[in-house]
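Asks: Residue numbers (our numbering): 1 to 474. Beta carbons are placed, not taken as given, at the ideal position from N, Cα and C, and that holds for glycine. Here it is, the structure in full.
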Ligand SMILES: Cc1cc2nc3c(=O)[nH]c(=O)nc-3n(C[C@H](O)[C@H](O)[C@H](O)COP(=O)(O)OP(=O)(O)OC[C@H]3O[C@@H](n4cnc5c(N)ncnc54)[C@H](O)[C@@H]3O)c2cc1C
């Protein structure tokens, strides 16, 4: 059966195709190494027409399509189903070979790129043209823009520039029928009917395959500086956020919260990392300020806010970057938390959002509930406070075996996500649903919302071949 299907695929598609187990394996295991999938083959076309050819063949042969970019997703969306649950054979379509920057329009402030472009490459292409592409995540060296758009990725600059959806003006998409839709419009105004682009953004490959995008560019700041400050609690961090926003406006581009527990794990596992401040504090804030003229103006703005915060007793100490190397070293303390946590061992991750005003209340209430049910667990809390988005991770007590601890996953998820629901929040702020959060999202959404989502899926993918069982259960 598999052999005849493969022969049939090869008769219509002559691009790059992996069929040997060893070649397929990197595409079948997710980044967290929690989900091992199976697939008939991995196709790596280098054009939208190549992608369309494979999708048409899949549609005709009732074969599932799993789009994949950099495979850094944290919700299992880019991995095919495991052998036990895979009802149909699957083909992974990797976009990695569609990695060209097609054009740049500095007057329109847009960049047209293929979906497999690595995010860091796009940032560099923009900078070479004297522009900023502001999407920035710790995985930017390996994630792709197609994956960023399909998960509506967030990252550290959402506070100022918005998430991936807000950075995209147009898309090229291969539909579930294997047609190519050219919606590569670089328009800032276009009210000509339903916004199809926005349906594909955040759809995690369940409605079609993004093959190219028109992205928004911004002026490149002349200076960027970062401060690492000690704060007593998330309540105080929120007061500091209010002060910084009032005084800095759009010059404040990032505002991150890091608990001492998260900071300690980085110091333990990341070589050459060190404390920017002498004293230990229960919480820290990392804030970034930019200026479009020069370093001096940036320094003055940052110093003014820190002095105001000291006077208001919001912060007890602060370290400020005075070189690009220091800037990067301070950012690394925040961005390395995920990798350090992986080195520390298994943990239970949550990517939640609540209204910014409720973050401190959420942390206080949820910490109490989790600690009451599971004493001695370590709350590895950090994230994008300016967006109300926390990576609210739970690590086992130091003396508990990690595999043993993971048996509590469902119970801990329930405590955390019920708490999120009480605060009118979201169980997935920026990582998407994939299979990891699919059923939990369905539990908290109304039947009205779920029915509209199913109707969209049915309309665009009537045969259910596009990444089935991700986002919505079949
Ligand atoms: C260390 C680390 C830090 C991270 N930090 C952040 C963060 O700060 N913010 C954040 O938002 N995320 C973060 N992530 C998660 C991840 O990097 C993002 O979700 C990223 O956008 C995924 O891109 P990718 O190319 O790796 O996509 P993949 O993992 O390959 O795929 C993700 C989903 O998109 C679909 N997909 C991929 N490409 C396409 C396409 N061209 N067309 C249609 N569907 C497609 C897949 O089917 C899957 O459902 C982090 C991950 C790691 C490992």
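Write down every uninterrupted run of the beta strand (DSSP E) in the segment 332-379 whose length is 3 residues or greater and which is fully enclosed by it, in chain order.
Replies: Those beta strand (DSSP E) runs which fall completely within the segment 332-379 and span 3+ residues are 351-353.
Asks: Determine, using beta carbons only, whether residue 18 and residue 10 come nearer to each other than 8 Å.
Replies: no
Asks: May I ask you to report which of helix, strand or coil DSSP gives residue 49?
Replies: helix
Asks: From residue 503 to residue 180, what distance separates their C-alpha atoms?
Replies: With the chain represented from 1 up to 474, any question about residue 503 goes unanswered, as that position is not in the structure.
Asks: Suppose contacts are defined by Cβ-Cβ distances below 8 Å. Is residue 465 in contact with residue 126 by that definition?
Replies: At least 8 Å separates the beta-carbon of residue 465 from that of residue 126.
Asks: Could you say which of 59, 454, 311 and 287 lies nearest to residue 160 if we only look at CA atoms?
Replies: Per the C-alpha coordinates, the member of 59, 454, 311 and 287 positioned closest to residue 160 is 287.
Asks: Output needed for residue 440: all residues of its chain with C-beta closer than 6 Å, excluding positions within five of it in sequence on either side, in chain order.
Replies: Closer than 6 Å at the Cβ level, and outside the excluded window around residue 440, lie 417 and 427.
Asks: So does residue 271 have its beta carbon nearer than 7 Å to some heavy atom of ligand 1?
Replies: no
Asks: Have a look at residue 390 and residue 351 and give me their C-alpha separation to the nearest angstrom.
Replies: Distance between the alpha carbons of residue 390 and residue 351: 6 Å.
Asks: Can you tell me where the alpha helix (DSSP H) with residue 205 in it begins and where it stops?
Replies: Element bounds for residue 205: n/a, residue is neither H nor E.
Asks: Ignore the nearest five residues each way along the sequence and tell me which others in residue 367's own chain have a CB closer than 7 Å to its CB.
Replies: Correct list, in chain order: 379.
Asks: Specify the secondary structure class of residue 159 as computed by DSSP and reduced to three states.
Replies: helix
Asks: Tell me, to the nearest whole angstrom, how far the beta carbon of residue 238 is from that of residue 320; I am working on the premise that it is less than 8 Å.
Replies: Contact doesn't hold; Cβ gap of about 21 Å is too wide.
Asks: Within 10 angstroms of the Cβ of residue 384, are there 16 or more other Cβ atoms? Answer buried if so, exposed if not.
Replies: buried
Asks: Can you tell me whether DSSP reads residue 255 as helix, strand or coil?
Replies: strand
Asks: When you measure from the CB of residue 431 to every non-hydrogen atom of ligand 1, does any distance come out below 7 Å?
Replies: The closest heavy atom of ligand 1 lies less than 7 Å from the beta carbon of residue 431.
Asks: Classify residue 324: buried if its beta carbon has 16 or more other beta carbons within 10 angstroms, exposed otherwise.
Replies: With fewer than 16 Cβ atoms within 10 Å of its Cβ, residue 324 is classed as exposed.
Asks: So is residue 315 buried or exposed if we call it buried at 16+ other beta carbons inside 10 Å?
Replies: buried
Asks: Are residue 387 and residue 158 close, meaning C-beta to C-beta below 8 Å?
Replies: yes
Asks: Give the secondary structure of residue 98 by DSSP, where H, G and I count as helix, E and B as strand, and everything else as coil.
Replies: If DSSP states are grouped into helix, strand and coil, residue 98 belongs with coil.
Asks: How about residue 476 and residue 457: are their beta carbons less than 8 Å apart?
Replies: The requested residue 476 does not occur in the structure, where the chain is confined to residues 1 to 474.
Asks: Spell out a yes or no on whether the segment 449-456 and the segment 46-65 are touching, meaning 3 or more CB-CB pairs, one atom from each, closer than 8 Å.
Replies: no
Asks: Would residue 172 and residue 269 be called neighbours here (beta carbons separated by less than 8 Å)?
Replies: no
Asks: Roughly how many angstroms separate the alpha carbons of residue 20 and residue 370, rounded to a whole number?
Replies: 45 Å
Asks: On the three-state DSSP scale, how would you describe residue 327?
Replies: helix
Asks: Under the rule that 16 or more other beta-carbon atoms within 10 Å means buried, what is residue 405, buried or exposed?
Replies: So residue 405 ends up on the buried side.
Asks: Let me know the secondary structure DSSP gives residue 216 once reduced to three states.
Replies: strand
Asks: Checking 8 Å against the spacing of the C-beta atoms, do residue 83 and residue 66 come in under that value?
Replies: no
Asks: Less than 8 Å between the C-beta atoms of residue 277 and residue 331, yes or no?
Replies: No, these two residues do not count as a Cβ contact at 8 Å.
Asks: Return helix, strand or coil for residue 439, following the three-state DSSP convention.
Replies: helix
Asks: Here's a check: name, in chain order, each residue in its chain whose Cβ is nearer than 7 Å to the Cβ of residue 174, leaving out the five neighbours to either side.
Replies: 48, 51, 52, 55, 180, 208, 209 and 211
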